[in-house]
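Read through the structure below, which is laid out as structure tokens, and then see the notes.
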Amino acid sequence: MRTPFTLRLLQSTPRAGWIALAIFAAITWIGVPVAHAVLPDAHPLHLSAYTVSLLGKILCYMVVAVAMDLIWGCAGILSLGHGLFFALGGYAFGMYLMRQIGHDGSYGADLPDFMVFLDWKELPWYWAGSDSFLRALLLAVAAPALVAFVFGWFAFRSRIKGVYFSIITQALTYAAMLLFFRNETGFGGNNGFTDFKRILGYSITSPEMRATLFALSAALLVASLVLGRYLVTSRFGRVLASIRDAESRVMFIGYNPLHYKLFMWTLSAVLCGLAGALYVPQVGIINPSELSPANSIEIAVWVAVGGRGTLVGAVLGAGIVNLAKSWFTMSFPEYWPFFLGFLFIAVTLYLPDGVVGLWRKLRAKRKGAPPIAPVPAQPKSAVEARKDTSSPMSPQIESNRISAAKGARA
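So the sequence shown is residues 526 to 935, counted in the working numbering.
Now the structure itself:
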């Protein structure tokens with residue numbers, strides 16, 4: 526009898542994992558919204574708008590890190606272009622936010638301010654329906670999914686992998702950045718989209734909307750972790766891990782790696798697009814700098830710091846790096862690139878399994894598990910050495926040979 530999907534989904538995450546997710550959900554869905562929107566400003570537990578926006582931004586980054594871990598840690602495909610999918614989702618939802626400004630813009634026109642400034646007379650065709658919330662969500666999913674599917678189909682079908690695949694994804698992101706910088710594309714040029722006013726008629730800067738966006742970001746992170754855990758522990762995940770370790774052998778036994786890699790690649794892009802859609806209203810701006818190749822490389826650093834192939838390590842890595850980045854950019858902004866480079870080198874040399882790997886080693890040592898040491902080689906006797914150099918034979922042949930030798934001596 527086939528196990529129902531719901532039961533398999535629940536069984537994929539251990540009990541300790543569900544407890545951790547429940548605690549996280551209670552904090553992000555109840556604790557933070559209450560501390561921000563209910564408690565007065567003078568209360569010691571009150572969270573400011575800046576803090577909630579910063580934490581919401583980091584939650585979106587954590588979703589992107591999980592998406593990267595699914596394709597890099599589980600499938601062995603290092604992408605240096607996930608910033609493209611993140612930005613596509615952000616721009617798709619940013620179009621809706623720009624339409625919601627209405628006549629409250631600087632020019633009081635029906636068109637977005639940047640279009641009025643560039644003397645545009647009407648909206649481009651691809652802006653049609655951009656004032657619909659549901660269409661914006663659909664576009665935030667469909668745009669990165671379509672780009673990822675088309676690109677992945679040709680790349681995986683051609684069996685491009687390794688460093689070549691990474692270079693191509695980075696080149697694709699860089700080309701998109703140059704495209705979005707152009708004013709005639711209709712995406713705001715180098716200024717991008719900003720000065721958002723409302724979502725579904727509610728002020729985007731109100732404490733209630735800010736808390737809602739934060740809670741939705743946390744919900745997306747929980748859903749990404751649960752779905753990722755289910756896929757990794759399922760038969761699909763085992764096949765994908767086999768493709769990562771020995772793709773030729775998997776093809777030999779009858780599996781087509783294209784379908785598995787393409788599905789995980791497209792799903793990873795969709796998660797990035799949804800994270801970008803939640804990121805834009807919380808930060809208040811989206812511009813081509815999000816497509817910078819350095820941003821995509823930084824996503825890989827998050828996963829490496831936390832621990833590749835663990836999912837929860839990607840979340841920890843994104844949190845650690847971005848909290849450190851927030852502190853450095855406020856206190857020592859000129860030293861942040863040096864710290865990031867040092868962190869990446871240190872993790873590569875001394876923490877190849879990331880923070881999660883270090884925690885597992887410390888936990889094993891605390892439990893008193895003896896270290897696994899190689900068994901020293903024992904010296905061989907002359908007889909054993911002679912047997913090793915002789916050709917292999919069955920015990921019966923060896924016995925007949927010894928008997929014949931004894932008869933010859935007699």
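Here a beta-carbon is modelled for each residue, glycine too, at the ideal position from N, C-alpha and C.
Proximity winner among the options, relative to residue i (alpha-carbon distances)
i, options, result
"ALA590", "VAL577, LEU579, HIS607, ILE602", "HIS607"
"SER731", "THR538, ALA545, PRO558", "PRO558"
"VAL747", "ARG660, ILE724, LEU836, SER817", "LEU836"
"SER742", "GLY798, ILE693, TRP827", "GLY798"
"LEU584", "LYS892, ASP629, LEU848", "LEU848"
"GLY831", "ALA670, GLY677, PHE869", "PHE869"
"PHE618", "LEU664, LEU595, TYR586, SER578", "LEU664"
"LEU579", "LYS850, ALA871, GLY879, PHE857", "LYS850"
"GLY879", "ALA771, TRP827, HIS628", "TRP827"
"ALA736", "PRO806, ALA843, GLY838", "PRO806"
"SER749", "ARG891, TYR616, ALA800", "ALA800"
"TRP884", "GLY838, TYR860, PHE857", "GLY838"
Residue i beta carbon near the ligand MG (any heavy atom closer than 7 angstroms)
i, result
"LEU765", "Absent from the structure shown: the ligand MG. Ligands present: none."
Close beta carbons around residue i, own chain, < 8 angstroms, minus the five adjacent residues each side
i, result
"GLU823", "VAL846, LEU865"
"ARG540", "none"
"ASP656", "TYR621, ARG624, GLN625"
"HIS571", "ALA560, HIS561, LEU564, PRO565"
Beta-carbon proximity of residue i to residue j, cut-off 8 angstroms
i, j, result
"SER604", "THR758", "no"
"PHE705", "LEU816", "yes"
"LEU609", "LEU535", "no"
"PRO669", "GLY614", "yes"
"GLY601", "ARG754", "no"
"VAL795", "VAL666", "yes"
"ARG833", "GLY598", "yes"
"THR553", "ALA740", "yes"
"PRO813", "GLY711", "no"
"LEU803", "LEU738", "yes"
"MET789", "LEU671", "no"
Where residue i sits in the DSSP three-state scheme
i, result
"ILE583", "helix"
"THR710", "helix"
"SER731", "coil"
"PHE718", "strand"
"ILE724", "strand"
"ILE685", "coil"
"ILE548", "helix"
"ILE870", "helix"
"ILE955", "The structure shown does not extend to residue 955, since the chain spans only 526 to 935, so no value can be given for it."
"ARG540", "helix"
"THR698", "helix"
"PHE618", "helix"
"LYS892", "coil"
"LEU532", "helix"
Chain-order list of residues whose beta-carbon lies under 7 angstroms from that of residue i (same chain, five-residue window excluded)
i, result
"PHE530", "none"
"ARG682", "LEU783"
"GLN950", "There is simply no residue 950 to check, as the chain begins at 526 and stops at 935 in what is shown."
"PHE658", "TYR621, LEU725"
6 angstroms CB neighbourhood of residue i in its chain, flanking five on each side removed
i, result
"TYR632", "ASP638, VAL641"
"ALA766", "none"
"GLY714", "ASN708"
"ALA634", "VAL641"
"LEU841", "GLY831, VAL880"
Counterpart residues of residue i in DSSP-defined beta bridges
i, result
"ILE811", "PHE718"
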